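Residue numbers (numbering that gives the first Met the number 0): 0 to 91. Beta carbons are placed, not taken as given, at the ideal position from N, Cα and C, and that holds for glycine. Note that the coordinates shown come from a computational prediction; the quantities given were computed from them, not determined experimentally.
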Amino acid sequence: MSTTNQWNLRAVRAEEAFDLLPKLPGSNIVAWHDIQVAHIDTGVRRHPAFGPWSEGESDTLLLEDGENYKEKGELPLDPMNYKKQFGELRKV
Numbered sequence: 000m001s002t003t004n005q006w007n008l009r010a011v012r013a014e015e016a017f018d019l020l021p022k023l024p025g026s027n028i029v030a031w032h033d034i035q036v037a038h039i040d041t042g043v044r045r046h047p048a049f050g051p052w053s054e055g056e057s058d059t060l061l062l063e064d065g066e067n068y069k070e071k072g073e074l075p076l077d078p079m080n081y082k083k084q085f086g087e088l089r090k091v
């Protein structure tokens, strides 16, 4: 991984972090199966980029594994339900 032109990756020391990831035996290939990723944010928005949504759930995101620290017991969905209308964002 080269972060030469990516100041943001250098700022978080991504190359150093990548080197610490567990590798498959006898290779430099990352063993991703035991890695969990956290993303601190306002929540997930129901967006097509996360695959199709059926009955309010994504086929690709594991929302039930997320934490909603503001509303305990609720799914980590973004409470700001915005919709793009006429070139601007409006609250729904």
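Buried versus exposed call for residue i [16 or more other C-beta atoms within 10 Å across all chains shown]
i: P24; result: exposed
i: P47; result: exposed
i: P75; result: buried
i: R9; result: exposed
Boundaries of the alpha helix (DSSP H) in which residue i is found, first to last residue
i: N7; result: W6 to A10
i: D18; result: A13 to L19
Whole-angstrom C-beta distance between residue j and residue i, which should lie under 8 Å
i: F49; j: L60; result: 5 Å
7 Å CB neighbourhood of residue i in its chain, flanking five on each side removed
i: S57; result: F49 and G50
i: D77; result: T41, G42, V43 and R44
i: S26; result: none
Contact under 8 Å by Cβ, residue i with residue j
i: V11; j: L20; result: no
Spatial neighbours of residue i in its chain, beta-carbon cut-off 6 Å, leaving aside the 5 residues before and after
i: G65; result: P75
i: N67; result: E73 and P75
Other residues of its chain near residue i: CB distance less than 8 Å, five sequence neighbours each side excluded
i: E63; result: L74
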